[in-house]
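Basically our numbering = 1-based index in the sequence shown + 3.
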Amino acid sequence: MSNPPTEYYSAERWQNWIDRIKDEEIDPEDEDSARLLLNLQDDTAIAIAKIVSDYDDGELDEEETLSEIEDVREVVLGEVDIEDEEKLILVDGVQTSLVCVFFAAEEYVANGPAEEGDVADYLDAAANAEAEEDLDAALGYAAQAGTLIIDGEELDMSVAEELEYGLVTEWINGLDSLQSAMSDPEVVEEDED
4 MSNPPTEYYS AERWQNWIDR IKDEEIDPED EDSARLLLNL QDDTAIAIAK IVSDYDDGEL
64 DEEETLSEIE DVREVVLGEV DIEDEEKLIL VDGVQTSLVC VFFAAEEYVA NGPAEEGDVA
124 DYLDAAANAE AEEDLDAALG YAAQAGTLII DGEELDMSVA EELEYGLVTE WINGLDSLQS
184 AMSDPEVVEE DED
């Protein structure tokens, strides 16, 4: 039995989050603002976790799973209509963090979890690749780390503290949301106030 295409995540759901961000005073230093942005990110990670879990449970085949992931990716990584430049940058940061979540989920479905090394090894390799400006390799390594997280390995966030801020640290934030989503896929309520 196939799921309807909007069951996991809809454009309307994403837009509701974006509208909330448009309507609120957003200050990344403020706890409520930071939580709103994190909830936006976690909400997407939860959708991906549900898709991957349904794949693991045999409810979706590989093709359906990759198609569902792609549907969510198109909604979440599309252009965002926000006039406020600062808010746009913050949402762009969330989108950047989520790029690795999508790649990790696709890699997991297509090839299973990485077979050698652990999460920290792959994130180390990703950081080294980023330092050498090989962003494709960096994303590949980060996605491999993500496949291990999907498979149940632990992401130690202290890894990020040792890295210079950049794309890899953004991706680690996304992987942290993915890890939370894999362990508890029901944490974010869209309309919480």
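Heads up, the beta-carbon is just placed ideally off N, CA and C, and yes, glycines get one too. Values in this document were obtained by computation on a predicted structure and should not be read as measured data.
If we ignore side chains and look at the alpha-carbon of each, how far apart do Asn176 and Phe105 end up?
Position 173 of the sequence shown, counted from the start, is the residue given in the question as residue 176. Position 102 of the sequence shown, counted from the start, is the residue given in the question as residue 105. Answer to the nearest angstrom: the Cα atoms are 13 Å apart.
Can you tell me whether DSSP reads Asp46 as helix, strand or coil?
Residue 46 sits at position 43 when you count from the first residue of the sequence shown. Reduced to three states, the DSSP call for Asp46 is helix.
Are the stretch 73 to 89 and the stretch 112 to 124 in contact at 8 Å, needing three or more beta carbon pairs?
no
So what does DSSP say about Ala117, is it helix, strand or coil?
For the purposes of this step, residue 117 is taken as the residue at position 114 of the sequence shown. Coil, per DSSP.
Have a look at Glu165, Ser36, Asn114, Arg76 and flag the residue whose alpha-carbon is nearest the alpha-carbon of Cys103.
On the sequence shown, position 100 is the one that residue 103 refers to. If we check each option's Cα against that of Cys103, Arg76 comes out closest.
From Val200 to Gln98, what does the alpha carbon distance come to, in whole angstroms?
Residue 200 falls outside the range modelled here, since the chain spans only 4 to 196, and no answer is possible.
Alpha-carbon spacing of Asp137 relative to Gly96, whole angstroms
Residue numbering aside, residue 137 sits at position 134 when the sequence shown is read from its first letter. Residue numbering aside, residue 96 sits at position 93 when the sequence shown is read from its first letter. Each residue's alpha carbon lies about 20 Å from the other.
Cut-off 6 Å between Cβ atoms - residues of its own chain near Asp57, not counting five sequence neighbours on either side
To locate residue 57, count along the sequence shown from 1; it is residue 54. Leu63.
Are the stretch 15 to 30 and the stretch 151 to 165 in contact at 8 Å, needing three or more beta carbon pairs?
no
Going by alpha carbons, who is nearest to Ala52 out of Tyr12, Asp35, Val78?
In the sequence shown, residue 52 corresponds to position 49, counting from 1. Here the closest residue by C-alpha is Tyr12.
Buried or exposed by the 16-neighbour rule on C-beta atoms within 10 Å, applied to Met160
By one-based count along the sequence shown, residue 160 stands at place 157. With fewer than 16 other Cβ atoms within 10 Å, it is exposed.
Chain-order list of residues whose beta-carbon lies under 8 Å from that of Ile54 (same chain, five-residue window excluded)
Mapped onto the sequence shown, residue 54 falls at position 51. Here the set comprises Tyr11, Leu63, Thr68, Glu71, Ile72, Val75, Ala108.
Val79 versus Ala14 - alpha carbon distance:
Position 76 of the sequence shown, counting from 1, holds the residue named residue 79. Position 11 of the sequence shown, counting from 1, holds the residue named residue 14. Approximately 8 Å between the Cα atoms of the pair.
Could you round the C-beta distance between Ala197 and Glu118 to whole angstroms and report it? I think they count as a contact, below 8 Å.
Here the chain comprises residues numbered 4 to 196, so residue 197 is not present and cannot be evaluated.
Cβ atoms of Val112 and Val94: under 8 Å apart, would you say?
Taking the first residue of the sequence shown as 1, we reach residue 94 at position 91. Taking the first residue of the sequence shown as 1, we reach residue 112 at position 109. Not in contact: Val94 and Val112 (Cβ atoms no closer than 8 Å).
Quick check on the DSSP output: the alpha helix (DSSP H) that includes Tyr125 runs from which residue to which?
Within the sequence shown, the letter at position 122 stands for residue 125. Where Tyr125 is concerned, the enclosing alpha helix (DSSP H) stretches over 122 to 134.
Mind checking which residues open and close the alpha helix (DSSP H) that includes Val171?
Reading the sequence shown from its first residue, position 168 is the one you call residue 171. Start and end: 170 to 186.
Is Pro7 helix, strand or coil when you go by DSSP?
Translated into the one-based positions of the sequence shown, residue 7 becomes position 4. Confidence is the limiting factor: at Pro7 the pLDDT is only 47, short of 50, which leaves the residue's position unreliable and the question unanswerable from this model.
Please classify Asp60: does DSSP put it in a helix, a strand, or coil?
On the sequence shown, position 57 is the one that residue 60 refers to. Coil at Asp60, not helix or strand.
Mind checking whether Ala132 and Ala141 have CB atoms under 8 Å apart?
One-based indexing of the sequence shown puts residue 132 at position 129. One-based indexing of the sequence shown puts residue 141 at position 138. Yes, these two residues count as a Cβ contact at 8 Å.
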